[in-house]
Amino acid sequence: MARTGRIGRQPDEGRNGVEPDAQGNVHYSSDPRDFGWVAENVPCQTACPAGTDIPAYILAILQGKYGLSYEINREVNVLPGVLGRICSRPCEDQCRHGWPGNGDPVSICHLKRSAADLKNRGHRLKESLYGPSGKKVAIVGSGPAGIAAAHDLSLMGHDVVVYEREEQPGGMMQYGIPEFRLPREILNEEIHNALRLGVELKTGVTIGTGEGELPLSQLREEYDAVLLATGCMAPTELPLRGDRMGEAVGKTGNVEYGFEFLLDMHRGAEKHVGKKVAVVGAGFTALDCARVARRLGGEDISIHLRTTEEYIPVTRDEIQEAKAENISFLGLRTPVALHSDESGALASVEFIQNRLGGWR
Ligand code: SF4
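The working numbering applies: residue 2 is where the sequence shown begins, and numbers increase by one.
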């Protein structure tokens with residue numbers, strides 16, 4: 002069975018070597034067997050949470066069609082320039098070129114960044130618009146989910162208003178990721194492009210029942226639909242011995258959660274670190290905090306891991322870049338207590354030694 006679609010490209014722009022017909026239509030299959038074929042034979046695309054058509058966008062780059070490559074990415078992800086820098090790249094773990102005996106995986110993520118950066122500066126985005134639906138939708142939160150939903154709903158003809166608590170849109174991308182990993186110029190341009198088709202953005206508005214906040218019930222009355230895309234703007238608590246209420250971190254001077262450290266900094270607070278900085282954690286936030294601490298003047302910076310660096314859920318590049326900044330990784334240790342001096346400031350962190358278990 003075949004479906005015919007107009008995908009908003011110029012008729013001379015092919016994809017996967019398949020040229021549109023004389024009317025400019027591209028013919029897609031909707032046969033379930035074909036989807037099964039893709040899942041089995043294009044494992045990178047299957048691993049991508051957005052289902053990005055990776056072979057097609059790499060082929061477009063090979064043909065020198067960076068704008069087309071960007072558009073192919075943008076069909077399923079309105080922030081290719083952002084993802085080309087910060088995606089955790091599950092696609093590359095599944096790349097067939099990385100299978101045993103085949104060498105290294107294709108740098109799929111960096112290719113996405115290439116397409117975003119090398120397209121013409123005057124590249125005009127193509128969008129397929131539906132007529133006005135007459136429906137109004139409120140979206141709470143302007144992180145990646147809120148931005149993507151606002152873009153897609155506006156294309157469908159709905160009137161969309163996005164409510165954002167912070168002064169700038171972008172959520173964790175704007176307030177959680179340091180600028181050296183994600184330049185704000187790239188982020189803000191892609192957010193602007195996602196919202197440019199009539200989405201109204203209201204920043205500095207908190208939805209809630211507190212003083213000065215906008216009640217959710219009011220949104221439900223005023224809009225045909227309300228989408229909550231508030232994400233998870235909260236740190237993962239550090240479980241410590243005898244600290245059932247999770248208060249030890251807040252009560253110990255010079256200790257704070259990495260997420261709050263980055264959030265405060267991006268809200269404009271002046272952050273200070275000492276000369277010796279210990280970061281507990283193994284994800285992107287931990288590495289970001291360590292690298293920010295280096296830029297704030299930290300000299301002896303270490304990242305403490307329960308496991309070893311081979312198993313932590315960040316890309317190899319991130320580890321290399323942290324090491325190039327003279328940040329050390331100390332593995333097989335779990336923090337169990339924070340000890341303070343008489344002034345309440347951190348004096349030491351107590352760890353227990355781990356060993357790699359048989360579950361690996
Ligand atoms: S880099 Fe990320 S967004 Fe891009 S194809 Fe891979 S998993 Fe998908």
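Each residue gets a CB set at the ideal place from its N, CA and C atoms; glycine is no exception. Given the structure is predicted, the values throughout are model-derived calculations rather than measurements.
Note the first and the last residue of the continuous alpha helix (DSSP H) segment covering Phe260. 259-267
For the pair the segment 283-293 and the segment 301-311, tell me if three or more CB-CB distances fall below 8 angstroms. yes
Sequence-ordered residues whose beta carbon comes within less than 6 angstroms of a heavy atom of the ligand SF4: Cys49, Ala51, Thr53, Ile55, Asn78, Leu84, Cys88, Arg90, Pro91, Cys92, Ile109, Cys110, Lys113
For Asn78, count neighbouring Cβ atoms within 10 angstroms of its own Cβ and tell me buried if that reaches 16, exposed if not. buried
Under three-state DSSP, which class holds Thr5? Note on Thr5: pLDDT 44, under 50, position unreliable in the model; no value is reported.
Is it the case that the Cβ atoms of Gly68 and Arg114 are separated by a distance below 9 angstroms? no
Put Val206 into one of helix, strand or coil per three-state DSSP. coil
Answer yes or no: the CB of Ala57 versus the heavy atoms of the ligand HEM, is any distance below 8 angstroms? Absence of the ligand HEM from the depicted structure is noted, with the ligand SF4 being the only ligands included.
Sequence-distant residues of the same chain with beta carbon closer than 8 angstroms to Leu156, five excluded per side: Glu128, Ser129, Leu130, Tyr131, Leu198
Among Phe352, Arg295, Leu331, which residue has its Cα nearest to the Cα of His340? Phe352
With DSSP as the reference, label Gly68 as helix, strand or coil. helix
At a cut of 8 angstroms, does the segment 220-240 reach the segment 131-147 through at least three beta carbon pairs? yes
With 9 angstroms as the threshold, decide whether the Cβ of Val79 is near any Cβ in chain B. No chain B appears in the structure shown, which is made up of a single protein chain.
So Val256 packs on Leu347, CB below 8 angstroms; how close in whole Å? 5 angstroms
Closest by CA to Asn355, which one among Arg185, Leu333, Val274? Leu333
Flag this pair as yes or no: are the beta carbons of Tyr176 and Arg268 separated by less than 9 angstroms? yes
Report back the beta-carbon spacing between Ala294 and Val315 to the nearest angstrom; my notes put them in contact at under 8 angstroms. Between Val315 and Ala294 the Cβ distance is about 16 angstroms, and since that is not below 8 angstroms, they are no contact.
Where Phe181 sits in the DSSP three-state scheme: coil
From the DSSP output, read off the bridge partner residues of Ser329. Ser303
Let me make sure I understand the geometry here. Which of Glu310, Ala270, Gly37 has the alpha-carbon closest to that of Leu288? Glu310
For my contact list, Val162 and Leu154 are in at a C-beta cut-off of 8 angstroms; report their separation, rounded to the angstrom. Incorrect: roughly 10 angstroms between the Cβ atoms, too far for contact.
Can you have a look at Cys88 and say buried or exposed, based on whether 16 or more other CB atoms are within 10 angstroms of its CB? buried
Who pairs with Arg292 in a beta bridge, going by DSSP? According to DSSP, Arg292 bridges with nothing at all.
For the alpha helix (DSSP H) containing Gln175, list its first residue and its last residue. 173-176
Assuming Glu167 and Thr210 are in contact, meaning their beta carbons sit under 8 angstroms apart, how far apart are those beta carbons, in whole angstroms? With 8 angstroms as the limit, Glu167 and Thr210 do not qualify as a contact, their Cβ atoms being about 19 angstroms apart.
Which same chain residues end up closer than 7 angstroms to Asn327 when comparing Cβ atoms and leaving out the 5 residues on each side of it in sequence? none
Using a Cβ-Cβ cut-off of 7 angstroms (strictly less than) and excluding sequence neighbours within five positions of Asn121, which residues of its own chain qualify? Gly68
Would you mind reading off the limits of the beta strand (DSSP E) that contains Tyr131? Careful: Tyr131 lies outside any beta strand (DSSP E) and carries neither H nor E.
Indicate whether Gly82 and Glu191 have their beta-carbon atoms separated by less than 9 angstroms. yes
Grouping DSSP H, G and I as helix and E and B as strand, with all else coil, what is Leu239? coil
For a quick check, are the C-beta atoms of Gly52 and Gln46 less than 9 angstroms apart? yes
Should Pro21 be labelled buried (16 or more other beta-carbon atoms within 10 Å of its own) or exposed? buried
Residue from Tyr224, Leu220, Ala149, Ser70 whose Cα sits closest to the Cα of Pro170: Ala149
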